[in-house]
Each structure stands twice: as C-alpha cells, then as structure tokens.
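Numbering (my numbering), first residue to last: 1068 to 1163.
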C-alpha cells in the first residue's frame, strides 16, 4: 500500500510522520486490497482548540473510503480516523 501525506499550512514533524505510518499500515491487516492511502492534515481557521483535522482516503476496489475527524491534536484525530476506517474496512470485507 502506498501512503501519501499532505499537510496544509504546516510541516509535520518526524514523530507525527512515524505515527501516521504505523497507524495506517495496520489497516492492511483488516483488508488486503487497499491500493493507496492519502492522509491530509490541516489546521482549521477558527478560534476553537479542536482545530486539527485529519482526513484519510483509502483507495479500494469499488468505492473509496473517506474518513475525516477534527480534534485538538493530529495524533488524536488520526487515531479516530483509523478506528473508523478499520470498522468500515471490516464491514466491506464481510460484504464481499
């Protein structure tokens, strides 16, 4: 699986990049037909503390899986995205 990370308005530091890599790689264990994973990181323009948005787009046969979460840290929003994507991949595998 190819992983692409795009960050809008920030430069991700090394611990965040390795966190992304580790979490996203685990999705392969739930569904082995993932071609590509795109991760988008963005700081929302508002005064709210929960302004870190992570979005995961999984390229799978059929429909792509898109998950987007916003929290106060990128690690937390990424973890929520991966958890949701994991559930969707399990459901997709059961239906196949």
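The beta carbon of each residue, even a glycine, is placed where N, CA and C say it ideally should be.
Which first and last residues belong to the alpha helix (DSSP H) in which residue 1141 is found? 1141-1162
Does DSSP put residue 1071 in a helix, in a strand, or in coil? strand
Residue 1100 - DSSP class collapsed to helix/strand/coil: coil
Where does the unbroken alpha helix (DSSP H) through residue 1085 begin, and where does it stop? 1081-1092
Could you tell me which of 1120, 1093, 1095 sits nearest to residue 1079, measuring between CA atoms? 1120
Taking all protein chains shown into account, do 16 or more other C-beta atoms lie within 10 angstroms of the C-beta of residue 1085, making it buried, or fewer, making it exposed? exposed
Going by C-alpha to C-alpha distance, which of 1087, 1116, 1090, 1155 sits closest to residue 1131? 1155
State yes or no: is the C-beta of residue 1071 within less than 9 angstroms of the C-beta of residue 1105? yes
Neighbour-count burial assignment, residue 1144, 16 or more Cβ in a 10 Å radius: buried
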